[in-house]
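One structure below.
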Amino acid sequence: MTSPTPPPAAPRLVVGIDLGTTNSLVAVRAGKTPHVLRNQQGEALIPSVVCLHPDGRTIVGEAAKALRLQFPDRTIFSIKRLIGRSASEAAGDAAGLPYPVVAGERDLPRVRIDDRDYSPEAISAMVLGQVKAVAEQATGQLVHDAVVTVPAWFDDAQRQATKDAASLAGLSCLRILNEPTAAALAYGIDGSKDGTVLVYDLGGGTFDVSILRIEGGVFRVLATAGDTHLGGDDFDALLVQRILALLPRRAAAAAKEDPYVLQAVRGAAEGLKVRLSDAGSATLQLDLGDRGQVDLTVTRAEFEGAISPLVQRTLDCVQRVIKDAGLRVADIDDTVLVGGSTRVPMVRKRLAQLLGKEPRTDVDPDLAVALGAAVQADVLAGNDRSLLLLDVIPLSLGIETLGGAVQKLILRNSTIPTSVTEEFSTGVDEQTAVDLTIYQGERELAQDCRRLGHFKLRGIPPLPAGLPRIAVTFLVDADGVLRVTAREQRTGVEAGIQVVPSFGLTRDEVRRMMLDSIENAQSDYVAREQIDLRNKAEAMVRGTEKALAMSELPPDQTYAVQKALKALARLLAANADAAALKHGCDELTKVTATIADDVISSAVTKALREETTR
Ligand code: ADP
Ligand code: MG
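Residues 264 to 877 in the numbering used here are what the sequence shown lists, from first letter to last.
What follows is the structure in structure tokens.
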């Protein structure tokens, strides 16, 4: 007798999406190698352009790009420059765009078309919707889950906004992945070997360079640099100038005003540039009707002469990023190229000269980011268990210190596994036990963060406050489990606790906590400053009292110090505000600083240096 065998479960489909400023792409991995998905015309690149046509249609991609000059004020491109930023922050970028961007509620940027406001998330969602459609058409399956890439320097708001855009498009964003990490994955740098990789990404309108350190399967971005307004578009602009210069002066002036002519000239310039990547010279014949004829041959040498200063600017960034990472050129194991503009031979040549080594070019630079995202997507889908998951901590972790402030040990977005140790001390003389309460969140005060757990370290030798040295270690393992241990260094007594930081916290809660921390940054800062100053004043009072008892000062100086000391103690007792406390501390510092005997100032400095737990 046979029992029916269930069909083998189809591998779960998770796509990788490169949501670019100029172009977007989608890729999947089936088996070992990832490949990009193409539309019915065989095109992989989907221009990140949305045209809200007067007839009510929403047109996305190549067709929208073609309408850019016909409907300049309703064809939206470069929306990535605005996403996740406030209107004031993005004002500089918005000013250069031909479509209207206004400041909406809470200073959020909105694209205004026909009296309707669109958020950058909504516009990005339209691009992602097209990406999703291409993926579904190419795979013949419904696509729901995705990994979406962002520049390494995107902050939390920009990452969250990108996730929101995915949700709006009906996609669940399983992971936001850094573009340079994705590129490295595409080049087969999978974390199995430790090393340092430089990722050079020159796209249409932006340039990014990052240094990745790969250690034990974890990709860490050591440093990033770049220029948000430098790319292939600037190469095109130089050729546009050349072309316009060939027209009779009046025709050139008129052409600059005419969107159709300008579109044609820009397109021709880009075509010329692309051909110069393969040939030593290229010819352009352009008929602009009554504006005139253009017949132009450009040699590669001429083109290279023109773009040389722009290329040099990218190389300056490369040198800076290496320096920022604390490295030398010789420390770079691999250089990988990303972005369409790295096809320009001069870019490759000059980079190789600078680094003393050929960059890797075995992956199509246009596709690298999407291909790497597909690798990560496949891992997340559970189809490949050979790769380590790269994960980050969503919210900072820390402990409560004296006065209800939170001292953060592990900052949000740290990659896991990770471990941080910091030293603390006691706040009261003869204290033999300390309470350690662990919090999660971005706010400054414990009462505004989420309490994760608590434990006590006992058996501390009875010593004056500030003397015991208590090392507190936060360790988050690859599964996101947090272990906290505290150890008194002199005696070796130790205690600890294990918590799962993400337990029970939904994405919405994470988001709310993050928004909270932004909204309350100002009041938090004031409260935190108050606590810090109280702690500082208390330590100063303690340190000065001790030093006074030990030193033999002339009576007039003793009197001056005691006077300032009492004044500060009174402020503390009266729970004075930050400004008054600061004044009291300054006064005490003034009198102690002028005293020849440096016993006092050194005792105070020492007391201040020691962080205290309660
Ligand atoms: P982004 O990351 O900004 O979305 P891409 O990586 O898609 O941009 O790069 C687009 C840029 O690459 C455009 O300026 C395009 O003209 C340029 N480009 C594409 N192919 C070539 C080529 N063969 N030679 C030179 N430039 C190219
Ligand atoms: Mg790109």
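Just so it is clear, CB atoms sit at the ideal spot from N, CA and C, and this is done for glycine as well.
Quick caveat, the model's predicted, so the values are computed rather than measured.
Check: Would you say the beta carbon of Val632 comes nearer than 7 angstroms to a heavy atom of ligand 3?; Outcome: Of the ligands one can find in the structure shown, namely ligand 1 and ligand 2, none is ligand 3.
Check: By how many angstroms is the C-alpha of Gly661 removed from the C-alpha of Asp521?; Outcome: 59 angstroms
Check: For a quick check, are the C-beta atoms of Ala489 and Gly466 less than 8 angstroms apart?; Outcome: In the sequence as presented, Ala is not what sits at residue 489; that position holds Gly. Cβ distance not < 8 angstroms, so Gly489 and Gly466 don't count as in contact.
Check: Excluding five sequence neighbours on each side, which residues of the same chain lie with their C-beta closer than 7 angstroms to the C-beta of Leu315?; Outcome: Thr321, Arg337, Ile376
Check: Using DSSP's beta-bridge definition, name the partner residues of Val683.; Outcome: Phe737
Check: I want to check one thing, is the minimum distance from the CB of Thr469 to the heavy atoms of ligand 1 below 7 angstroms?; Outcome: yes
Check: Could you give the C-beta distance for Val299 and Leu630, rounded to a whole number, given that I count them as a contact under 8 angstroms?; Outcome: 5 angstroms
Check: Would you mind sorting Arg770 into buried or exposed? The rule is 16 or more other CB atoms within 10 Å of its CB.; Outcome: Reliability fails at Arg770, whose pLDDT of 48 lies under 50, so the model's placement of it is uncertain and no value is given.
Check: Drop a sphere of 10 angstroms on the beta-carbon of Thr560, count the other beta-carbons inside from all chains shown, and report buried for 16 or more, exposed for fewer.; Outcome: exposed
Check: Arg369 by DSSP, collapsed to three states: which one?; Outcome: helix
Check: Use the C-beta contact count for Gly767: other C-beta atoms within 10 angstroms, 16 or more gives buried, fewer gives exposed.; Outcome: The predicted position of Gly767 is uncertain, since its pLDDT is 43 and thus under 50; no value can be drawn from it.
Check: For the beta strand (DSSP E) holding Glu663, just list the boundary residues, first then last.; Outcome: 660-664
Check: To the nearest angstrom, report how far apart Phe334 and Pro363 are at their CA atoms.; Outcome: 12 angstroms
Check: Between which two residues does the alpha helix (DSSP H) harbouring Thr321 extend?; Outcome: No alpha helix (DSSP H) holds Thr321; the beta strand (DSSP E) holding it covers 321-323.
Check: DSSP state of Gly767, grouped into three classes?; Outcome: Unreliable placement is indicated for Gly767, whose pLDDT of 43 sits below 50; no coordinate value is reported for it.
Check: Just how far apart, CA to CA, sit Val472 and Asp496?; Outcome: 18 angstroms
Check: Would the beta-carbon of Ile474 fall within 8 angstroms of that of Ile452?; Outcome: no
Check: Go through the region 688-741 residue by residue and report every complete run of the beta strand (DSSP E) that reaches 3 residues or more, in order.; Outcome: 697-703, 713-720, 733-739
Check: Closest by CA to Pro572, which one among Leu501, Leu634, Ile585?; Outcome: Leu501
Check: Just checking Asp457 against ligand 2 - is the residue's beta carbon closer than 7 angstroms to any of the ligand's heavy atoms?; Outcome: no
Check: What does DSSP give as the partner residue(s) for Leu465 in the beta ladder?; Outcome: Phe470
Check: Regarding Asp281 and ligand 2, is the C-beta to nearest heavy atom distance less than 7 angstroms?; Outcome: yes
Check: How would you write the range of the alpha helix (DSSP H) that Gln752 sits in, first residue to last?; Outcome: Here Gln752 belongs to no alpha helix (DSSP H), and DSSP marks it neither H nor E.
Check: Helix, strand or coil: which one does DSSP assign to Asp408?; Outcome: strand
Check: With DSSP as the reference, label Tyr381 as helix, strand or coil.; Outcome: strand
Check: Between Leu551, Ile570, Asp553, Val557, which has its C-alpha nearest Leu539's C-alpha?; Outcome: Ile570
Check: For Gly355 and Ile701, I'd like the C-alpha separation in whole angstroms.; Outcome: 41 angstroms
Check: In its own chain, which residues sit with a C-beta less than 7 angstroms from the C-beta of Gln393, not counting the 5 before and 5 after it?; Outcome: Ile309, Val323, Gly324
Check: So who's on the other strand from Val561, going by DSSP bridges?; Outcome: Ala545
Check: Sort out for me which residues DSSP pairs Ile280 with in a bridge.; Outcome: Val289, Val411
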